[in-house]
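**Q** Residue numbers (my numbering): 100 to 264. Glycine is no exception: its CB is placed at the ideal position from the N, C-alpha and C atoms. Here it is, the structure, as structure tokens.
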């Protein structure tokens, strides 16, 4: 729950369930049936093939036209919002279906590079156990307590999640 909240706030294109449901009024079966071929004509995927593959197999796969390629101008770019330095935000999200409580402290660090990734992982390694001991064992703030990294769309962060059951 807390993890979705941060993704919802930092992703450029992200919608919650209420926003999606508000769009469903007036959609008919004919709308859906006419949408499917249009969607498949505009389908785009990035793929990485690795393992026990030969160049011949790769070329044969590329020849199979599952769909028409998109023009680059039609590609949907996923971007992460970069938070201004020193900013503080609080976002409350209610969930009537599940009576649990969660909080995520999200500290956006820097862009992903090999060196930054290693330094952040090392930092998490040092703080995870003391964080768990203090927040779960000593203060008993939640059943689930974790301190880890979060990487999304080239941006990485350090986060602490505390959640009841």
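In terms of residues, what are the limits of the beta strand (DSSP E) holding residue 203?
**A** Start and end: 201 to 210.
**Q** Going by Cα to Cα distance, which pick from 204, 124, 198, 195 is closest to residue 186?
**A** For residue 186, the nearest C-alpha among the options comes from 204.
**Q** If we ignore side chains and look at the alpha-carbon of each, how far apart do residue 230 and residue 118 end up?
**A** If I take the Cα positions, the gap works out to 35 Å.
**Q** Considering just the uninterrupted stretch of the alpha helix (DSSP H) at residue 124, what are its terminal residues?
**A** Unbroken run through residue 124: none, as it is neither H nor E.
**Q** Let me confirm a value: residue 197 is counted as buried when at least 16 other C-beta atoms fall within 10 Å, else exposed. Which label applies?
**A** Per the 10 Å Cβ criterion, exposed.
**Q** Residues in the same chain with beta-carbon distance under 7 Å from residue 250, minus the five sequence neighbours each way, listed in chain order, please.
**A** Closer than 7 Å at Cβ, skipping near neighbours: 211.
**Q** Alpha carbon to alpha carbon, how far is residue 206 from residue 215? Give it in angstroms, no decimals.
**A** Taking the straight line joining both Cα atoms gives about 14 Å.
**Q** Using only the alpha-carbon positions, how far apart do residue 193 and residue 202 sit?
**A** Between residue 193 and residue 202, the C-alpha separation is close to 12 Å.
**Q** Quick one: what does DSSP say residue 179 is sitting in, helix, strand or coil?
**A** Reduced to three states, the DSSP call for residue 179 is strand.
**Q** Taking all protein chains shown into account, decide if residue 233 is buried (16 or more other Cβ within 10 angstroms of its Cβ) or exposed.
**A** That one is exposed.
**Q** Go ahead and pull the three-state DSSP assignment for residue 197.
**A** Coil, per DSSP.
**Q** Measuring only the C-alpha atoms, how far is residue 227 from residue 213?
**A** Looking at the two C-alpha atoms, the distance is approximately 21 Å.
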